[in-house]
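Trainee: I'd like to ask some things about the structure below.
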Amino acid sequence: MNTEQPNNPLHGLKLETILLRLVEHYGWDELALMININCFKNDPSIKSSLKFLRRTPWARAKVEQLYLSTFC
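Listed below in structure tokens is the structure:
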């Protein structure tokens, strides 16, 4: 099902891209202060964070909201 979402600013963006841009912009320490989740605090990596965010809808929603408020 290929439904276009012209009003969704996250449409077409991969979670990895979102996370990479946030880490580049804020860094892990600042990101951990803004979104209080352990995968950003304890030995953070893109791979472990993606694994956690894909399994945890509330955390992914917070990351997406921070991306929107920062870049859109």
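Using this note's numbering, the first residue of the sequence shown is number 1, and each one after it goes up by one. Positions of the beta carbon are idealized from the N, C-alpha and C atoms, including for glycine. Here the structure is a predicted model, which is why all the values come from computation and not from measurement.
(1) Contact between the stretch 22 to 37 and the stretch 57 to 70 is defined here as three or more beta-carbon pairs at a separation below 8 Å; is this criterion met?
(2) Check the C-beta distance from E16 over to I46 and give it rounded, since I have them as a contact under 8 Å.
(3) So what's H25 in DSSP terms, helix, strand or just coil?
(4) Where does P57 sit, in a helix, a strand or coil, going by DSSP?
Mentor: On the basis of the data shown:
(1) yes
(2) 7 Å
(3) In the structure shown, the three-state DSSP call for H25 is helix.
(4) helix
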